[in-house]
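Report on one structure; see the data block that follows.
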Amino acid sequence: MAERSMGELICALRKEKGLTQRELAEKLNVTDKAVSKWERNLSCPDLGSIPALADILGLSADALLRAAKVPEPASKTGQAAKIRDAVLKALPLAMGVAVIVSSILGALDWNSGLRMLGIGLVCLALRAFIQDEK
283 MAERSMGELI CALRKEKGLT QRELAEKLNV TDKAVSKWER NLSCPDLGSI
333 PALADILGLS ADALLRAAKV PEPASKTGQA AKIRDAVLKA LPLAMGVAVI
383 VSSILGALDW NSGLRMLGIG LVCLALRAFI QDEK
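Quick note: our numbering has the sequence shown finishing at residue 416, numbered continuously throughout.
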C-alpha cells in the first residue's frame, strides 16, 4: 500500500470519524480553512495541536508525524527560465524595430537611439551568457 501524506491521512480519518472540517477545526480551536489547508497539503498543523489532532483522529502523534512527506510542488524555475528567455529574445528585436521606425518618422535623436540599441545589445549579451552557463 502506498504511503499517504499527512493531509490525506487527516482527511481520511476525519471522514472515517464522521467529522466535517468545521467540526474538527472547532475541536482544535483553529479555523476550518486551516484544516482545509492541512488536507490539501498546503500547510501542516503546528506542533502544539498535533497531540490533540492525533487523539481526535484516534492514532498516535508519532503515526501522524510519520505520515509520508509530500514532495514540494514542481518549482517554477522552468517557467521563469522560459519567460526570461522570451523577454531576452523579444526585447532586442523590439528595441531595433523601435529605433528604425522612430528614425524613419524623425522622432528619434542620436542619444535616444543609441540608448535603445544599447539596451537591446545588453539583452542579447545576457541571453548568450545564460546559454553558456547551461
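Note that the Cβ used here is the ideal one computed from N, Cα and C, for glycine as well.
Under the three-state reduction of DSSP output, Ser318 falls in the helix class. Rounded to the nearest angstrom, the gap between the Cα atoms of Glu321 and Ala372 is 42 angstroms. A direct Cα-Cα distance of roughly 11 angstroms separates Gln413 from Leu406.
Two segments are said to touch when three or more pairs of C-beta atoms, one from each, lie closer than 8 angstroms; by this definition the region 334 to 346 touches the region 288 to 306. Within its own chain, the residues whose Cβ lies closer than 6 angstroms to the Cβ of Met377, once the five positions on either side in sequence are excluded, are Met398, Ile401 and Gly402, listed in chain order.
By the criterion of a C-beta distance shorter than 7 angstroms, Cys326 is surrounded in its chain by Met288 and Trp320, once the five residues flanking it on both sides are discounted.
Every unbroken stretch of the alpha helix (DSSP H) spanning 4 or more residues and falling wholly within the region 323 to 379 is given here in chain order: 332 to 339 and 343 to 347. Asp391 and Lys315 have their C-alpha atoms roughly 58 angstroms apart. Within its own chain, the residues whose Cβ lies closer than 7 angstroms to the Cβ of Ala307, once the five positions on either side in sequence are excluded, are Thr313, Asp314, Ala316 and Val317, listed in chain order.
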